[in-house]
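See structure below.
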Amino acid sequence: MFARNMNEFRDYRGDKIETAKPMSEEALKERIEHMQNIVFPALKEKVEVYNQAMKEKFDATHKIIDFPEKSHVMVRVQSRGSKLAPAYEGPYTVLRKTQGGTYVLQDETGALMSRNYVPSELKLISQDDVVPIDELYEVEAILNHRGQPGKRQYLVRWKGYGEDEDSWLDPDAFTDPDFILQYWKRRNEQEEDAPATLIPKKRVPKRKLHNPQPKRRSKRIKRSSA
Numbered sequence: 001m002f003a004r005n006m007n008e009f010r011d012y013r014g015d016k017i018e019t020a021k022p023m024s025e026e027a028l029k030e031r032i033e034h035m036q037n038i039v040f041p042a043l044k045e046k047v048e049v050y051n052q053a054m055k056e057k058f059d060a061t062h063k064i065i066d067f068p069e070k071s072h073v074m075v076r077v078q079s080r081g082s083k084l085a086p087a088y089e090g091p092y093t094v095l096r097k098t099q100g101g102t103y104v105l106q107d108e109t110g111a112l113m114s115r116n117y118v119p120s121e122l123k124l125i126s127q128d129d130v131v132p133i134d135e136l137y138e139v140e141a142i143l144n145h146r147g148q149p150g151k152r153q154y155l156v157r158w159k160g161y162g163e164d165e166d167s168w169l170d171p172d173a174f175t176d177p178d179f180i181l182q183y184w185k186r187r188n189e190q191e192e193d194a195p196a197t198l199i200p201k202k203r204v205p206k207r208k209l210h211n212p213q214p215k216r217r218s219k220r221i222k223r224s225s226a
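Counting from 1, one number per residue, gives the positions in the sequence shown under UniProt numbering.
Structure, rendered in structure tokens:
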């Protein structure tokens with residue numbers, strides 16, 4: 001075999017092979033007692049120390065946040081059509097926590113979500129970031145745009161208001177990204193701000209965040225309609 005010296009070329013038939021002698025009953029009992037009283041407890045102690053060290057290392061980087069009832073959260077979008085698509089959607093209200101550790105959420109209309117969410121899918125936001133429904137306005141149309149991709153702004157006409165109320169908005173101020181996509185389709189152009197796949201519409205549009213960290217808005221967010 002590799003890494004082993006070869007045996008000498010001689011006759012081994014006369015060599016006596018020493019076989020292990022069977023243990024006596026007393027020796028066997030002593031061996032069993034030694035394993036039970038010394039070996040097994042030592043192994044158990046080593047395993048517990050190792051498991052505790054691994055738990056502390058895991059907990060240091062995987063912190064589970066407890067979301068109180070009636071708090072507001074954003075839900076992480078599992079499949080994004082493009083890197084410019086919103087990373088989170090919401091806000092939603094935490095109704096309760098289940099025994100399994102998941103959370104039951106409801107939307108702005110009070111309707112329950114179709115499934116429960118694990119803590120890793122949620123991000124807690126401040127009450128100041130939640131915009132009441134009566135402070136949301138409908139977009140009638142996007143009239144124009146300005147700025148380079150990544151710093152684009154859109155001139156919108158508000159439904160029920162005149163041109164004096166027209167204002168420039170960033171892409172993440174739209175609760176329905178379909179409006180931006182329709183605007184560029186009418187211009188027969190492709191824009192990076194428009195998502196590759198549309199986000200399903202809700203009865204009440206949700207505010208979208210491109211940045212995982214929610215930002216405090218100093219102005220009222222206005223609602224876009226389908």
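We treat Cβ as the ideally placed atom computed from N, Cα and C, and that holds for glycine. The model shown is predicted, which means the values in this text are computed figures rather than measured ones.
Can you grab the Cα-Cα spacing for the pair A3 / K55, in whole Å? A3 and K55: Cα-Cα distance of roughly 41 Å.
With a cut-off of 8 Å, do at least 3 Cβ pairs link the stretch 153-162 to the stretch 108-128? no
Please name the residue or residues paired with V77 in a DSSP beta bridge. Answer by DSSP bridge pairing: none, since V77 is not bridged.
Just checking, does the stretch 97-105 make contact with the stretch 41-56 on the three C-beta pairs under 8 Å criterion? no
With 16 as the cutoff for other CB atoms within 10 Å, does H34 come out buried or exposed? exposed
Return the CA-CA distance between D15 and F9, expressed in angstroms with no decimal places. 14 Å
What is the residue span of the alpha helix (DSSP H) that A60 lies within? 40-61
Would you kindly work out how many angstroms separate the C-alpha atoms of V204 and V47, rounded to a whole number? Residue confidence is low: V204 scores 36 on pLDDT, short of 50, so the model does not pin down where it sits. Its coordinate-derived value is still stated next. So the alpha carbons of these two residues sit roughly 54 Å apart.
Determine the direct distance from the alpha carbon of S120 to that of T61, and round the result to whole angstroms. Roughly 13 Å between the two C-alpha positions.
For H34, the residue or residues it bridges with in DSSP: BP columns for H34 are empty, so no partner.
Let me know the secondary structure DSSP gives S120 once reduced to three states. helix
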